[in-house]
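See below for the structure under consideration.
In my numbering, the protein residues as written are 1 to 78.
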């Protein structure tokens, strides 16, 4: 075996081992409430999409817009 195949085999073994350990430990991440926990109401589908999809896109566009507007290398030298 050449070095590339050994590295690929090693990477596959590490990935498979990690996945197996995560699957075996999944009951440890069960939804068990701690004493005194008072979880709030869940999010609706629209709230979830807004929080995890729309908000990051809007933030990305705002930051990209600020970078483009404040870019000094695009101004003509004069």
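Note that CB positions come from ideal geometry on N, CA and C, so glycine has one too.
Curious, which full-length alpha helix (DSSP H) runs of at least 4 residues does the stretch 28-57 contain?
-> 45-49
When DSSP labels each residue in this structure, what does residue 72 get in the three-state scheme?
-> Indexing the chain shown from 1 puts residue 72 at position 72. Here residue 72 sits in coil by DSSP.
Return the CA-CA distance between residue 11 and residue 73, expressed in angstroms with no decimal places.
-> Counted from its first residue, the chain shown places residue 11 at position 11. Counted from its first residue, the chain shown places residue 73 at position 73. About 43 Å.
Sub-8 Å separation of residue 51 and residue 43 beta-carbons = Position 51 of the chain shown holds residue 51. Position 43 of the chain shown holds residue 43. A contact, by the Cβ cut-off of 8 Å.
Between the C-alpha atoms of residue 67 and residue 36, what's the straight-line distance to the nearest angstrom?
-> The sequence position of residue 67 within the chain shown is 67, counting from 1. The sequence position of residue 36 within the chain shown is 36, counting from 1. Taking the straight line from one Cα to the other gives about 46 Å.
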